[in-house]
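Participant: Residue numbers for the sequence shown follow this note's numbering, so the first one is 1 and each next one is one higher.
Quick reminder that beta carbons are idealized off the backbone N, C-alpha and C, glycines included.
Predicted model only: the values in this text are computed from it and were never measured.
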Amino acid sequence: MSLDLNTKGDGESRRTWLKTAALAGVAAVAGKPVNAVTTLPAALPARRIPIAVSTYSYWHFGKEKYPVEKVIEDAAKLGFDGVEILHRQMENETVPYMNKLKRLAFDNGLSLPLLSIHQSFVQPKAEDRKKDIEHTLRCIDMAVQMGIPAIRMNTGSWRTAKRDANYYKDGKEPPIEGYTDQDAIKWCIDAMGECLVAAEKAGVVLAIENHWGLSSNIDYLLEIYKPLASSPAMGMNVDTGNFVGDPYPQFERLAPYATIVQAKTYYGGGHYYDLDLDYKRIADILRKANFKGYISLEMEGKEDAATAVPKSLKLFREVFS
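1) Since Pro96 contacts Tyr294 with CB under 8 Å, what's their CB separation in whole angstroms?
2) Note down, one range per segment and in chain order, each alpha helix (DSSP H) of at least 4 residues found wholly within the segment 178-239.
3) Suppose you measure from the CA of Arg253 to the CA of Val261; what does that come to, to the nearest Å?
4) Touch check for the segment 294-304 and the segment 53-69: three-plus C-beta pairs under 8 Å?
5) Quick check for students: name the residue ranges of the beta strand (DSSP E) that lie wholly in the segment 38-97, counting only runs of 3 or more.
6) Taking Ser312 as part of the alpha helix (DSSP H), name the residues at either end of that continuous run.
7) Taking the alpha carbon of Pro249 as the reference point, which residue from Leu286, Glu64, Ala305 has its own alpha carbon closest?
8) Quick check: the Cα distance between Leu214 and Thr155, rounded to an integer number of angstroms?
9) Measuring alpha carbon to alpha carbon, tell me which of Ile176, Thr307, Ala52 ends up nearest Pro124.
10) Pick helix, strand or coil for Leu115, following the three-state DSSP scheme.
11) Hey, quick one: how far does the beta strand (DSSP E) through Thr136 stretch, first residue to last?
12) With DSSP as the reference, please indicate the residues paired to Gly245 in a beta bridge.
13) Could you name the residues of the same chain whose beta carbon sits closer than 7 Å to that of Leu228, not counting the 5 residues immediately before and after it, in chain order?
14) Among Phe106, Pro67, Leu104, Lys102, which has the Cα closest to the Cα of Met90?
15) Assuming Thr265 and Ser312 are in contact, meaning their beta carbons sit under 8 Å apart, how far apart are those beta carbons, in whole angstroms?
16) Take Arg88 and list the residues in its own chain whose beta-carbon comes closer than 7 Å to its own, dropping the five residues that flank it on each side.
17) By the DSSP assignment, the alpha helix (DSSP H) with Ile176 in it spans what residues?
18) In angstroms, rounded to a whole number, what distance separates the CA positions of Trp212 and Ala165?
19) Determine the direct distance from the alpha carbon of Lys201 to that of Thr240, and round the result to whole angstroms.
20) Where DSSP assigns a beta bridge to Ile260, which residues make up the other side?
21) Do Leu315 and Tyr272 count as a contact pair if the criterion is CB distance below 8 Å?
22) Are there 16 or more other CB atoms within 10 angstroms of the CB of Asn92, so buried, or fewer, so exposed?
23) What residue range is occupied by the uninterrupted alpha helix (DSSP H) comprising Arg287?
24) By the three-class DSSP mapping on this structure, what secondary structure does Arg103 have?
25) Assuming Asn210 and Asn242 form a contact by the criterion Cβ under 8 Å, report the distance between their Cβ atoms to the nearest whole angstrom.
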């Protein structure tokens, strides 16, 4: 095979020759002839959605903490892609401990996509909000130390309603006397804005979640999110199990903004409430929204995690693939 590179000496001729030569070389090794034009596969396999597991799936705020290290090791054996770390489940906040978790995940071929923290900006006193801002800033530093790119954020709540079965059905929570929900929305925007300054510098996404309280109202959640969305560090964590009423229309509204999705299962009956979620429908909504991020399992059922977590992973691999 020969080709005069000086004839029609443009870049296209050279690219054609290089491609043909490379294919001919492969064919020569294989002992097969090759045409100058080779048919490529019609379509490549679809990219697999990565699935993580939250350490919370193994520990529902019981008396004894379930070690984060054991979750990482189990996640690797089961075939998860990552582990979401619940801050309150960590043994401590020392650098050696955080480095240990990061190294263990790396050695097991796992990412650490999310650090889930607890804070509330629905607090009338500025000094109380300031404490939770400082807590968030400390957690941003921790995320950087562990190589975690995103932090789960809450709006917070008035804490005027008992967290019983009725609360999880309607999410109703009246404001503290003398204040309104609009006051709380402003506090959240201002506090999140202050945290985002540090998050941008650190390269950490703050993903606000529909996590009860003020965020039970999806309109409120978007009212907080949208003024902050121009920040490269602003994100949204959409939780499939934290909707009041019919979840699917609300999930559909939030899906286009989703940075990460926490997906709940309730094998053995839920610790706080039960839901029978249609994950095929949820997966379809995410596909329509062109979501490509992590799905993070939060198994919130009473069944032992040793059996319920593998069941959940099997379900998610089937519907999200």
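Facilitator: According to the structure shown:
1) Rounded, the Cβ-Cβ distance is 27 Å, inconsistent with contact.
2) 181-202, 218-225
3) 13 Å
4) yes
5) Fully enclosed beta strand (DSSP E) runs of 3 or longer: 51-54, 82-86.
6) 305-320
7) Leu286
8) In this structure, the CA atom of Leu214 is about 6 Å from the CA atom of Thr155.
9) Ile176
10) strand
11) Here Thr136 belongs to no beta strand (DSSP E); instead the alpha helix (DSSP H) covers 126-146.
12) Gly245 is not bridged to any residue.
13) Apart from sequence neighbours up to five positions away, the residues of its chain that approach Leu228 with a beta-carbon distance below 7 Å are Ile189, Met192, Gly193, Leu196, Met234, ordered along the chain.
14) Pro67
15) 4 Å
16) His118
17) From DSSP, Ile176 is part of no alpha helix (DSSP H); its letter is neither H nor E.
18) Cα to Cα, the separation comes out at about 13 Å.
19) 30 Å
20) Looking at the DSSP assignment, Ile260 forms a beta bridge with Asn237.
21) no
22) exposed
23) 279-288
24) DSSP places Arg103 in helix when its eight states are reduced to three.
25) Your pair Asn210 and Asn242 checks out as a contact, with CB atoms roughly 5 Å apart and the cut at 8 Å.
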